[in-house]
Amino acid sequence: MSPQSDSLKGKNITIIDVWRHNLFEEGAKICRIIKDYNYVGMDTEFPGVVATPVGPFKKKEDFNYQQVSCNVNMLKLIQVGLTFMNYKGELPPGNPVFQFNFVFDLQDDMYSTESIGLLNSCGINFSKHKVNGISMHEFGELLTTCGLLTDRNIKWLTFSSGYDFGYLIRAVLTRHLPSDEKEFFKLLRSLFPTIIDIKCLLMQPGPSSVNLRGGLQEIASMLHIERYGLQHQAGSDSLLTGNAYFALKSKFFNDNWEEIFKTINGELYGLGDTLSNDNSGVESYRSTSENGFR
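The opening position of the sequence shown corresponds to residue 21 in this note's numbering, with each subsequent residue numbered one higher.
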């Protein structure tokens, strides 16, 4: 059992559902805690992948970014989970996990039928999202006013997060993602200067040498990390992501973390050059029914 899992074992985790009626109240809480709890586990749920780019691509990552930008520009968020931790992997008093629920209308908004079916089976209440959900613009304003952007001290902990940050950037800027991946990374590194994508961390010698691979749940199971809440809901997944980061860092990188951090900071698995040494083809960064790609 990892030390981080031990620190939460037996504690009551409170997943706070944020809707339109309590957005201001819960946003104020976040503004108060980020100074001391500046590690942010983040996950999103969105309506899958509905479009695939066609044409010649020089490398896998080029295809991947065009797929991300095309779908993010067409679709809408359903949930964002944020888990705030301190440098020890501890949660704030009361053990809160924030789960933001966005307005989404199954009659008017685009989606992958398979993805919506999965989210329905995992407890997403689309009737409530239609009536009580918040807008992406409101969420972008919260990120801005709480000081979660452009601050190197805010450390974003994610898992294969190209789509996740695509949606967050669109929410903050209220415009489409750029068609050029280099422009996307300029925006990313300006708004989110410190990002640790666990999928990139798993490619480092320690985890890769013991064959740690798979999706978030598989990695957590291999690390003996307990899940709190429901899989494929953003709050639960954001907590699992944060716990996985601290477990991996403790197990594999206690002696060389600064060196590893410089290598992976700001990298998003499947974009940039993260797959350039993988010869398995474009499909190695495939879309899945759950949430784009994981």
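Each residue gets a CB set at the ideal place from its N, CA and C atoms; glycine is no exception. Since we're looking at a predicted model, the values are computed, not measured.
Beta-carbon spacing of residue i, residue j below 8 Å
i, j, result
"T164", "V192", "yes"
"I54", "F104", "yes"
"Q119", "G255", "yes"
"L97", "E201", "no"
"I284", "L208", "no"
"F204", "L197", "yes"
"V74", "W176", "no"
"N140", "R40", "no"
"P250", "I154", "Correcting the residue type first, residue 250 is Leu in the shown sequence and not Pro. Cβ distance not < 8 Å, so L250 and I154 don't count as in contact."
"K150", "D171", "no"
"V70", "S132", "yes"
"D56", "N106", "yes"
"V38", "S258", "no"
"Y187", "T64", "yes"
"I215", "G286", "yes"
Presumed contact (8 Å Cβ cut-off) between residue i and residue j, rounded CB distance
i, j, result
"A240", "R247", "7 Å"
"L16", "A264", "Look at the range of the chain in this structure, 21 to 314, and you will see that residue 16 is not part of it."
"I218", "F179", "5 Å"
"G143", "Q253", "6 Å"
"M62", "G101", "7 Å"
"L260", "I280", "Not confirmed; about 21 Å, so no contact."
Straight-line gap, residue i to residue j (C-alpha atoms, nearest Å)
i, j, result
"L162", "G47", "7 Å"
"S89", "K80", "15 Å"
"D184", "N32", "27 Å"
"G226", "S135", "34 Å"
"M94", "L111", "35 Å"
"Q237", "K271", "18 Å"
"N115", "Q99", "20 Å"
"G182", "P113", "31 Å"
"I174", "C166", "11 Å"
"L169", "F83", "28 Å"
"G68", "K148", "19 Å"
"F146", "F66", "12 Å"
"D129", "R195", "17 Å"
"N299", "N276", "Low local confidence applies: a pLDDT of 39 at N299 is under 50, so the model's placement there is unreliable, and no value is given."
"L295", "T34", "37 Å"
Start and end residues, alpha helix (DSSP H) containing residue i
i, result
"D200", "From DSSP, D200 is part of no alpha helix (DSSP H); its letter is neither H nor E."
"T165", "156–165"
"F146", "146–152"
"V92", "80–94"
"M242", "236–242"
Residue-chain proximity (residue i, chain B), Cβ-Cβ < 8 Å
i, result
"N145", "The structure shown has no chain B; it contains just one protein chain."
Element boundaries [beta strand (DSSP E), containing residue i]
i, result
"L102", "99–105"
"L177", "175–178"
Report the residue ranges of all alpha helix (DSSP H) runs contained in full by the segment 253–291; include only those spanning at least 4 residues, in chain order. 254–272, 277–284
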